[in-house]
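The structure appears right after this line, and notes come after that.
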Amino acid sequence: MTKPEDYNRIINSYITLPIYIGLIFTMLINGWNFFTGDQVTFLKYLNIYNNSPLDSYPSYFSSLFYLTGIAQIISAIILIYALIKKHFLKSPSSSLLKWGILLSLFSVSIFGCMLRIISNHGGSANLYFYLCILYFLLWYTEKYASESQNTVFQQIKLFPVYFSLFYTMGLPGWQKLVNTSEVMGKYIRMFSTSFLGQLPGGVAPFIYFLGTLEIIVPILLIVSLFKGEYNPQKRSLFLNMALLISICTFIMLSFGLSVLVNYPGSTNLVFYAILSLGLYQYISYSKN
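If you read the sequence shown in our numbering, its first letter stands for residue 659, the second for the next number, and so on.
Here you go:
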């Protein structure tokens, strides 16, 4: 007679299978579209969630689409082979699953960067959330793995975090502090009827303050890289500081959009903060 513990063991073995299948389909279909697509296809992807659709994009985006497509196709192939090994060949190793997820993470971070560059804020937010959730899947996979921690995989698995935080915070910070003439007028008009616009000095000091916080994050990330904090054997002080400042900045931005009664935007920024906390927790898990 089968015991409840046996059923639980079976469920535990297959609980991630539908998720991996979904990830395979997503990576394979979108990766193929990226790799074989033309300008019309690329514009469809770039305009996802975009309030002001584009009709052109930088020429180097084509190369980034091809690179992302290759990464996603290889990721799908690795995941298919890993699932065959796990469920049909009964291999206990999770190494291939982890590499498949990591390639997905790199591809998502590259696509997210492209959307951030063209100021598709909704699309880049969606890709940031996607990245954080993929790290949760990676954590779950690693939790039941028995492989050695001193591997190439362990040395590079945090690179998508660095890259995503770098452009998520760095590009808006650069715009606020360096391209001020292009963006300040927009912010002043946005908050002109709110109490923030009526304070001494108006909105400008808040924008400069937020821009300073945002630009500090990539500086901390560069220091973290030079100190080798991506190594699981080293403490990640500067990386953690970058995440803390990012979380604080997301909440301040959320407050600003709440003042404007922009509910979707303000809640998205709370999601940014909560999922960044998830990245912090994953990093802490990796160090332990």
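Quick reminder that beta carbons are idealized off the backbone N, C-alpha and C, glycines included. Since this is a predicted model, take the numbers as computed values, not measurements.
- The beta carbon of F769 sits closer than 7 Å to those of T726, L785, all from its chain and outside the five residues before and after it, given in chain order.
- Look at I776 here: in three-state DSSP terms it is coil, with no helix or strand label.
- DSSP, read as helix, strand or coil, puts G695 in coil.
- With contacts defined by Cβ atoms closer than 8 Å, Y820 and L879 form a contacting pair.
- Each residue's CA atom was taken as its position, placing K743 and T809 some 21 Å apart.
- It is roughly 8 Å from the alpha-carbon of L737 to the alpha-carbon of I759.
- If you draw a 10 Å sphere on the C-beta of G859, you find fewer than 16 other C-beta atoms in it, and that means exposed.
- With respect to the C-alpha of I941, the residue from F787, S916, S894 having the closest C-alpha is S894.
- A contact between stretches requires three or more CB pairs, one per stretch, nearer than 8 Å, and the stretch 860 to 879 fails this requirement with the stretch 787 to 801.
- Straight-line spacing of the CA atoms in T925 and Y739 works out to 39 Å.
- Apart from the 5 residues on each side of it in sequence, V875 sits with its Cβ closer than 7 Å to the Cβ of L823, M827, G828, A900, I903, S904 in its chain, given in chain order.
- In this structure, L897 sits away from L911, with a CB-CB distance that is not shorter than 8 Å.
- By the neighbour-count criterion, in which a residue is buried when 16 or more other Cβ atoms sit within 10 angstroms of its Cβ, G680 is exposed.
- With contacts defined as CB atoms closer than 8 Å, L795 and K834 fail to qualify as a contacting pair.
- Taking all protein chains shown into account, C906 has fewer than 16 neighbouring C-beta atoms within 10 Å of its C-beta and is therefore exposed.
- Distance from the CA of S762 to the CA of Y707, rounded to the nearest whole angstrom, comes to 21 Å.
- Distances from the CA of S850 to each of G914, F764, S721 were compared; the closest alpha carbon is that of G914.
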